[in-house]
DNA sequence: AGCCACAAAATGTGATCACAAAATATGGTT
DNA sequence: AACCATATTTTGTGATCACATTTTGTGGCT
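Residue numbers (the working numbering), protein chains in the order written: chain A, 21 to 237; chain B, 21 to 237.
Right under this line is the structure:
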């Protein structure tokens, strides 16, 4: 499917770079970006940037405002609840599907990711925390071996990602406690219901935390 | 969000044209398309076509093969089941959400769409049938007023669309009977469970029908 | 200062260009 | 005829160009 050639196209590099910026909060809502500006930042011509922006717009990660500028789509309380709703439908499902493919080796990997995530949280390294949290969830989700559901969930993360950072910036990260450990514990006990519940709890907790910042939504 | 100007950009026209082709089976799997070829067909330069292809690739409606040609993504039995699974999770949910916004006027509209769909089916007008079926479902889904879920479901329809046509071409359309009437009946009775079940039955029936053609998957 | 008309700069869009890589066509050899 | 090396054409990619539209900057007026 993808280019087997190991040299990535400029297009692909640009896409990944922008995607990361969005997902881990380097690209905040409100600001208006220009294609030429992004192109210069990334050191490429406007062409691959335009294509990347179209691509990310299709994934609902970016929007083209009528004043022909690129930005993170506006969040409303309603849209936020829609994303939360969709996540609650899809992610526990994906987690459950993944479970049969999770062995002790994977569990250790997850515990390791979680430790690093906690460290980042403790040290106030926000980006590290967000990356760790992403890794934890998608290490699980990828093991469901279900590309269709996975790509739907990826789109959802791209949609709330920028707001996660924004809120954490304001409220700090202290009040977050960690459902990941509950999840790994359930995996060790092969407790399917417990695992699914932990994922749901984690999700609910995170979204409630973001949603608490009424001023933004 | 979109251009308020009523003159659509070439980009948007191109996107809509290609999207329709995919959704209603004018673009069949297996064939390899070139950007310049598509551009000439649509009477535009390669530029907007490239951007459209990126966009539709992000929606999983097209794929860029490693021989750098555009095509409908290959279908496998596994992927087909994944799509079916995702549809069964999301579409009944969307239908249920829509129900409170469906009044008698909408019900009549749905009955009307269904009649036209039946006529098309009877006359062997395959594209008419597919368009009618799409209209029926998305007239309902849009009334859920949930853009997040809606865009996820749209991506799913783009993924199985091309194969629907392909199979109908081979097996004919005779064996399809109509769950849409069951659905509208349930709406008239304000029977929530019955409506949800009818949507699920319709979906299952359609997907089973496509999936029956083992040779394709 | 605040406001408005107007000029200058910047932007998105679509087409085109240049080039390397891939696909296809060609022709000679067995 | 079947095969393979080579030449030709086609293709995707990234950059650039041209232009209409929008944004931004400027200076005069109240």
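Just so it is clear, CB atoms sit at the ideal spot from N, CA and C, and this is done for glycine as well.
Item: Burial state of residue 106 of chain A (16 or more Cβ within 10 Å); Value: buried
Item: Close beta carbons around residue 207 of chain A, own chain, < 7 Å, minus the five adjacent residues each side; Value: 122, 127 and 215
Item: Sequence-distant residues of its chain with Cβ nearer than 8 Å to residue 110 of chain B (five each side left out); Value: 169, 172, 173 and 176
Item: 8 Å Cβ cutoff, residue 30 of chain B in contact with chain A; Value: no
Item: Chain A contact residues for residue 75 of chain B, given Cβ-Cβ distances below 9 Å; Value: 71, 74, 75, 77 and 78
Item: Contact set between residue 171 of chain B and chain A, taken where Cβ atoms lie within less than 7 Å; Value: 80
Item: In DSSP terms, what residue 91 of chain A is bridged to; Value: A/83
Item: Same chain, Cβ closer than 6 Å to residue 147 of chain A, five either side skipped, listed in chain order; Value: 44
Item: At least three beta-carbon pairs within less than 8 Å, the region 70–82 of chain B to the region 67–74 of chain A; Value: yes
Item: CB contact below 8 Å: residue 162 of chain A versus chain B; Value: no
Item: 8 Å Cβ cutoff, residue 21 of chain A in contact with chain B; Value: Only weak support exists for where residue 21 of chain A lies, its pLDDT of 31 falling under 50; the value from the coordinates is given anyway. Cβ-Cβ to chain B under 8 Å: yes for residue 21 of chain A.
Item: Straight-line gap, residue 34 of chain B to residue 49 of chain B (C-alpha atoms, nearest Å); Value: 20 Å
Item: Neighbourhood of residue 38 of chain B by C-beta distance below 6 Å, restricted to the same chain and skipping five residues each side; Value: 72
Item: 8 Å Cβ cutoff, residue 167 of chain B in contact with chain A; Value: yes
Item: Residue 24 of chain B at chain A interface by Cβ criterion, 8 Å; Value: Residue placement at residue 24 of chain B cannot be trusted, given a pLDDT of 35 that sits under 50; the coordinates are not used to answer.
Item: Residues that residue 53 of chain A bridges to, as DSSP identifies them; Value: A/90
Item: Buried/exposed call for residue 222 of chain B, threshold 16 Cβ in 10 Å; Value: buried
Item: Sequence-distant residues of its chain with Cβ nearer than 8 Å to residue 40 of chain A (five each side left out); Value: 46
Item: Proximity below 8 Å, CB of residue 203 of chain B to CB of residue 161 of chain B; Value: no
Item: Residue 124 of chain A, enclosing alpha helix (DSSP H) - first and last residue; Value: 124–142
Item: Check whether residue 75 of chain B and residue 56 of chain A have beta carbons under 8 Å apart; Value: no
Item: Chain A contact residues for residue 106 of chain B, given Cβ-Cβ distances below 7 Å; Value: 168, 169 and 172
Item: Reference residue 182 of chain A; option with closest CA among A/59, A/78, A/156 and A/94; Value: A/94
Item: Neighbour flag for residue 230 of chain A against chain B, beta carbons, 8 Å; Value: no
Item: Cα-Cα separation between residue 158 of chain A and residue 185 of chain A, rounded to whole angstroms; Value: 18 Å
Item: Buried or exposed (CB count within 10 angstroms, at least 16 for buried), residue 153 of chain B; Value: buried
Item: Classification of residue 58 of chain A by the beta-carbon crowding that lies within 10 angstroms, buried from 16 upward; Value: buried
Item: For residue 96 of chain A, the three-state DSSP class (helix, strand or coil); Value: coil
Item: Residue 219 of chain B: contacting residues in chain A (beta-carbon distance under 8 Å); Value: Going along chain A, no residue has its Cβ under 8 Å from residue 219 of chain B, so there is no contact; the nearest lies around 16 Å.
Item: Short CB-CB distance (under 8 Å) between residue 126 of chain A and chain B; Value: no
Item: Top-ranked residue by Cα proximity to residue 120 of chain B, from B/84, B/211, B/201 and B/144; Value: B/211
Item: Beta carbon of residue 66 of chain B nearer than 8 Å to that of residue 219 of chain B; Value: no
Item: Closer than 8 Å to chain B by CB, residue 39 of chain A; Value: no
Item: Alpha-carbon to alpha-carbon, residue 64 of chain B and residue 30 of chain B; Value: 8 Å
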